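To keep things clear, I will list the structure first and then write my remarks on it.
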Amino acid sequence: MSTQQQPQSIPLVDLATQSSRIKEEVLARIGRVIDKANYILGEEVAEFEAEFAGYCGVEHCVGVANGTDAIHMALRALNIGPGDEVITAANSFAATALAIAYSGAAPVLVDICEDDFNIDPDMIERAITDKTKAIIPVHLYGQPARMQEILEIAERHNLKVIEDSAQGHGGELNGTRCGAFGDIACFSFYPGKNLGAFGDAGACVTRDSELAEKLRLLRNYGQVVKNRHDLLGFNCRLDTVQACVLLTKMQFIEEWTEQRRQVAQWYREELADSDLLLPIEKSGARHVYHLFVIRHPERDLLMKFLAERKIFCGVHYPNPLPTAQPFALARTVPDNVPVCTQLSSEILSLPMYPEMTRRQVATVAAAVQEFSLETVRG
Ligand SMILES: *Cc1c(COP(=O)(O)O)cnc(C)c1O
Numbered sequence: 603m604s605t606q607q608q609p610q611s612i613p614l615v616d617l618a619t620q621s622s623r624i625k626e627e628v629l630a631r632i633g634r635v636i637d638k639a640n641y642i643l644g645e646e647v648a649e650f651e652a653e654f655a656g657y658c659g660v661e662h663c664v665g666v667a668n669g670t671d672a673i674h675m676a677l678r679a680l681n682i683g684p685g686d687e688v689i690t691a692a693n694s695f696a697a698t699a700l701a702i703a704y705s706g707a708a709p710v711l712v713d714i715c716e717d718d719f720n721i722d723p724d725m726i727e728r729a730i731t732d733k734t735k736a737i738i739p740v741h742l743y744g745q746p747a748r749m750q751e752i753l754e755i756a757e758r759h760n761l762k763v764i765e766d767s768a769q770g771h772g773g774e775l776n777g778t779r780c781g782a783f784g785d786i787a788c789f790s791f792y793p794g795k796n797l798g799a800f801g802d803a804g805a806c807v808t809r810d811s812e813l814a815e816k817l818r819l820l821r822n823y824g825q826v827v828k829n830r831h832d833l834l835g836f837n838c839r840l841d842t843v844q845a846c847v848l849l850t851k852m853q854f855i856e857e858w859t860e861q862r863r864q865v866a867q868w869y870r871e872e873l874a875d876s877d878l879l880l881p882i883e884k885s886g887a888r889h890v891y892h893l894f895v896i897r898h899p900e901r902d903l904l905m906k907f908l909a910e911r912k913i914f915c916g917v918h919y920p921n922p923l924p925t926a927q928p929f930a931l932a933r934t935v936p937d938n939v940p941v942c943t944q945l946s947s948e949i950l951s952l953p954m955y956p957e958m959t960r961r962q963v964a965t966v967a968a969a970v971q972e973f974s975l976e977t978v979r980g
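If you count the sequence shown from 1, you need to add 602 to reach the working numbering.
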């Protein structure tokens with residue numbers, strides 16, 4: 603055997619390690635579902651919903667097919683549709699604005715704050731018209747949005763608040779969990795999210811029992827009892843098999859979140875002497891580091907440099923939402939969202955997953971610093 607170790611590649615995320623740890627338990631649970639044949643809305647779905655509602659600190663959770671559907675169903679439950687405007691952040695995954703468009707409402711894309719990458723409350727205020735019905739803040743990268751200001755604005759203008767918490771599982775601001783701020787909060791359990799299924803899955807959570815009941819109808823053909831349809835429903839239920847995966851993973855979500863926070867702390871220590879802009883952690887916030895996003899003026903060159911050393915990064919997101927064809931006509935506030943546009947060319951998501959070792963973090967940090975030295979030398 604060679605004593606010369608091949609340099610290991612470092613991926614942006616590593617799902618296989620985590621999955622292998624829970625595989626046996628997941629298979630046992632899925633085996634029981636197969637035996638019972640309760641594939642649709644089986645008791646595991648209700649069991650997971652109860653557990654996840656508790657985790658968020660709210661009364662109700664309604665499992666749905668994915669995070670995009672969760673936002674779409676939330677808008678439907680709140681009777682938001684054609685003629686209405688919904689304000690969201692210009693720097694998000696496209697699904698946030700797509701779901702608004704599915705409802706028939708018009709997305710209004712608002713600029714972000716430079717320090718925390720989240721929607722700017724001052725710009726929300728400027729974006730409000732008499733058509734505005736709701737605000738959808740996104741807890742981007744796992745950092746809670748400025749919920750106190752946002753809830754105050756919503757209250758003053760009589761607007762609904764729907765949290766896009768697809769990246770915010772377990773995040774907190776001043777002791778309140780992401781998911782417990784808005785009228786409804788939406789989660790994705792896409793495999794790469796902080797809590798991920800083995801396929802697509804999502805959920806809405808809410809304190810409001812009437813909204814919860816309406817969401818249960820909306821996800822299941824609007825069916826009150828078999829063959830009685832009182833509203834325009836959809837088919838977007840959470841699969842029982844995916845609920846088995848999520849129930850198993852719920853046992854580890856806090857451990858994995860603390861590991862992410864530890865990895866972030868290691869990055870801070872390893873990069874303390876660099877002049878890089880690291881993500882801030884707002885006071886009173888528990889950032890859950892879905893992504894660890896740094897800024898660099900030569901982002902594309904840095905990304906290439908790292909890839910040559912088998913360190914794989916991502917960009918979330920390279921194109922502001924207003925530049926996407928479906929949103930070409932969307933109103934932007936301020937015009938063309940300058941902060942978001944500037945940051946989209948500088949942001950870089952470094953490898954981040956709970957199982958990352960200090961050694962891997964040090965390897966990434968050393969390569970980043972090596973690049974900075976080379977660019978200084980020219
Ligand atoms: C992943 C994600 C979504 C969409 O979730 P899916 O489960 O992929 O439909 C929506 N918003 C944000 C911010 C996301 O990161």
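Cβ coordinates follow ideal geometry from the N, Cα and C atoms, glycine included.
Remember, it's a predicted structure, so these values are computed and weren't measured experimentally.
- The straight-line gap separating the alpha-carbon atoms of Glu856 and Ile689 is approximately 31 angstroms.
- Under the rule that a run must span 4 or more residues, the alpha helix (DSSP H) segments found entirely inside the region 619-681 read 645-658 and 669-679.
- Around Asp810, the same chain offers Asp785 as residues with beta carbons nearer than 7 angstroms, after the five sequence neighbours per side are excluded.
- Beta bridge pairing from DSSP links Asp616 with no other residue.
- Taking 3 residues as the minimum length, the beta strand (DSSP E) runs contained wholly in the region 818-900 are 825-827 and 894-897, in order along the chain.
- In this structure Gly804 does not touch Ala701 by the C-beta definition: roughly 11 angstroms separates them, more than the 8 angstroms allowed.
- By the CB criterion at 7 angstroms, Cys838 and Ala967 fall outside the cutoff.
- For Glu948, there is no enclosing alpha helix (DSSP H), as DSSP marks it with neither H nor E.
- In this structure, the CA atom of Pro899 is about 14 angstroms from the CA atom of Ser876.
- Check the Cα spacing between Ser694 and each of Leu908, His741, Pro684 and Arg960: the tightest is with His741.
- The continuous beta strand (DSSP E) containing Ile764 extends over residues Lys762 to Asp766.
- Placement of the Cβ of Ser951 at a distance of 6 angstroms or more from every heavy atom of ligand 1 is found.
- Taking a 10 Å sphere around the C-beta of Leu711, we find 16 or more other C-beta atoms and assign the residue as buried.
- It is roughly 30 angstroms from the alpha-carbon of Pro936 to the alpha-carbon of His771.
- Between Ala845 and Val647, the CB-CB gap stays under 7 angstroms.
- With contact defined as three or more Cβ pairs closer than 8 angstroms, the region 949-959 and the region 879-897 are in contact.
- Taking 4 residues as the minimum length, the alpha helix (DSSP H) runs contained wholly in the region 908-977 are 940-946, in order along the chain.
- Beta-carbon to beta-carbon, Thr850 and Ile624 are separated by about 5 angstroms, close enough to satisfy the 8 angstroms threshold.
- By the 16-neighbour rule on beta-carbons within 10 angstroms, Ala787 is buried.
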